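>
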């Protein structure tokens with residue numbers, strides 16, 4: 075479900091009805107009358123501090139989507155195969171799978187540089203960006219977005235650099251500006267896709283992981299990329315940039331990648347492990363702890379419905395690694411929190427009564443006890459219920475429009491294997507396609523399962 079459709083820009087206009095969408099469509103057809111509005115700046119919490127987020131008006135979002143749809147196919151055919159994040163069909167699991175392949179026990183590049191670009195969206199030079207876009211026909215629409223300014227606390231502020239973080243086209247524009255980092259490192263590929271060069275790079279949005287054969291080479295790569303970023307008005311974040319050997323543990327995209335010495339059981343002497351990092355575990359525990367602190371009077375089903383999407387999403391992101399022990403530890407954490415919540419709700423009752431009131435077994439599971447709302451038949455999902463599945467890496471340089479790889483992309487676009495519950499059963503029966511428009515269910519649409527006759531979207 076797209077929750078952003080209910081978030082207005084500075085004009086306080088939202089489009090949630092069919093009539094409003096029709097009016098918006100007619101307005102977008104007259105691009106010559108379009109005038110760019112400043113964005114509304116809000117702040118969202120981060121693990122350390124806050125992050126500014128720009129919210130364009132609904133009309134600007136529509137125009138940005140049109141420009142993105144025209145610009146994206148050209149650049150998707152040119153982008154580097156090691157670049158992931160906010161690209162169609164390429165996500166964090168692909169980036170981690172590529173990192174795991176580069177960090178295999180017999181690697182010749184055991185030194186990892188985990189680097190983060192400081193304020194990539196906020197400090198990007200507009201001149202460099204417009205030069206990278208070239209003679210794109212709609213470049214006249216992109217430049218005003220970069221200079222429209224933002225409104226914060228009813229005050230307009232100018233913008234001299236950066237891309238509005240929160241716009242529809244911002245991730246694509248950022249990828250365009252950062253394109254060519256592998257070439258800057260001297261990395262090339264053979265016609266068969268074999269990597270050549272001293273370094274191996276994996277990019278995810280503004281995060282970079284560079285693998286080098288020696289620590290001196292890793293320092294050289296950092297300096298070389300620093301000079302390359304400087305021409306774009308960017309720099310590395312000193313706090314988030316680290317260089318380590320794989321035996322010490324290498325942090326990347328929420329995982330800790332390391333070589334575990336196993337001389338007795340491994341021919342190479344090391345075994346590759348990819349565990350959820352300690353920071354990732356603390357973050358999910360902090361979030362779940364806040365959900366457990368709901369008012370005592372709220373029904374258990376509300377608590378369960380709030381936490382199930384969180385646990386399902388987190389376990390889906392980390393089930394491609396060595397996460398069984400972490401999932402079990404999180405389930406113990408959830409059990410302790412459930413006991414505390416039940417005692418807070420019923421302080422005068424016995425532990426046996428609370429256990430019978432809020433728990434039991436689940437059909438098809440071997441768990442002795444799970445937290446439930448027995449009246450509404452809702453069950454709190456466990457992390458360990460997520461099966462450990464090795465992710466299949468996206469084709470290296472293949473674009474979604476590549477006619478020779480459509481079978482691979484069709485399989486990746488299908489959400490049928492990741493949708494849970496009754497909706498997942500219907501999606502798999504429909505082979506991951508919408509019965510009305512016959513398009514793949516890959517855009518996080520709101521799924522309807524209660525219509526006898528398929529209902530078209532509004």
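In the numbering used here, the protein residues as written are 75 to 532.
Backbone N, C-alpha and C fix where the C-beta goes; we use that ideal spot for every residue, glycine too.
Note that the structure is a prediction, hence the values are computed from the model and not measured.
#1: If you reduce the DSSP assignment to three classes, tell me which class residue 128 lands in.
#2: Quick check on DSSP: helix, strand or coil for residue 534?
#3: Give the DSSP-derived three-state secondary structure of residue 262 in the structure shown.
#4: Specify the secondary structure class of residue 239 as computed by DSSP and reduced to three states.
#5: For residue 140, which of 244, 318, 227, 414 has the nearest alpha-carbon?
#6: Cβ atoms of residue 348 and residue 329: under 7 Å apart, would you say?
#7: Near residue 213, which residues of its chain fall below 7 Å by C-beta distance, leaving aside the five closest residues on each side in sequence?
#8: Let's test the definition: count the other Cβ atoms within 10 Å of the Cβ of residue 75 and tell me whether it reaches 16, buried, or not, exposed.
#9: Determine the DSSP secondary structure at residue 75, reduced to helix, strand or coil.
#10: Which value, in whole angstroms, describes the spacing of the CA atoms of residue 181 and residue 522?
#11: Which residue comes first and which comes last in the beta strand (DSSP E) that contains residue 226?
#12: Tell me where the beta strand (DSSP E) around residue 326 begins and ends.
#13: Around the C-beta of residue 184, are 16 or more other C-beta atoms found within 10 angstroms, so that it is buried, or is it exposed?
#14: Can you name the start and end residues of the beta strand (DSSP E) that residue 398 belongs to?
#15: Could you work out which residue in 170, 497, 462 is closest to residue 278 when comparing CA atoms only?
#16: Using only CA atoms, which one of 117, 132, 125 lies nearest to residue 99?
#17: Mind checking which residues open and close the beta strand (DSSP E) that includes residue 348?
#18: Give the DSSP-derived three-state secondary structure of residue 442 in the structure shown.
Here's the rundown:
#1: For the purposes of this step, residue 128 is taken as the residue at position 54 of the chain shown. Residue 128 falls in the strand class under three-state DSSP.
#2: Since the displayed the chain opens at 75 and closes at 532, residue 534 lies outside it and no answer follows.
#3: As a first step, residue 262 is located in the chain shown; it is residue number 188 there, counting from the start. Residue 262: strand per DSSP, three-state reduction.
#4: If you number the chain shown from 1, residue 239 lands on position 165. Coil at residue 239, not helix or strand.
#5: Start at 1 with the first residue of the chain shown, and residue 140 comes out as number 66. Checked all of 244, 318, 227, 414; the closest Cα to residue 140 is 244.
#6: Mapped onto the chain shown, residue 329 falls at position 255. Mapped onto the chain shown, residue 348 falls at position 274. Yes, they are a contact pair.
#7: Within the chain shown, the letter at position 139 stands for residue 213. Cβ neighbours of residue 213 beyond the five flanking positions: 204, 207.
#8: In the chain shown, residue 75 corresponds to position 1, counting from 1. Because residue 75 carries a pLDDT of 48, less than 50, the predicted location of this residue cannot be relied on, and the following value inherits that uncertainty. Flag for residue 75 reads exposed.
#9: Taking the chain shown and counting its residues from 1, one reaches residue 75 at position 1. Note on residue 75: pLDDT 48, under 50, position unreliable in the model; the coordinate value appears next. Three-state DSSP puts residue 75 in coil, outside helix and strand.
#10: Translated into positions along the chain shown, residue 181 becomes position 107. Translated into positions along the chain shown, residue 522 becomes position 448. Cα to Cα, the separation comes out at about 47 Å.
#11: Locating residue 226 in the chain shown gives position 152, counting from the first residue. For residue 226, the enclosing beta strand (DSSP E) stretches over residues 224-226.
#12: Taking the first residue of the chain shown as position 1, residue 326 is located at position 252. Note, residue 326: beta strand (DSSP E), 324-326.
#13: Here residue 184 corresponds to residue number 110 of the chain shown, with the count starting at 1. By the neighbour-count rule (16 or more Cβ atoms within 10 Å), residue 184 is buried.
#14: Residue numbering aside, residue 398 sits at position 324 when the chain shown is read from its first letter. Premise fails: residue 398 lies in the alpha helix (DSSP H), 398-419, not in any beta strand (DSSP E).
#15: Locating residue 278 in the chain shown gives position 204, counting from the first residue. Nearest of 170, 497, 462 to residue 278, Cα basis: 170.
#16: As a working note, residue 99 is residue 25 in the chain shown. Residue 132 is the option with its Cα nearest to residue 99.
#17: Taking the first residue of the chain shown as position 1, residue 348 is located at position 274. Following the DSSP letters along the chain, one finds residue 348 inside the beta strand (DSSP E) bounded by residues 344-350.
#18: For the purposes of this step, residue 442 is taken as residue 368 along the chain shown, with counting starting at 1. Residue 442 falls in the coil class under three-state DSSP.
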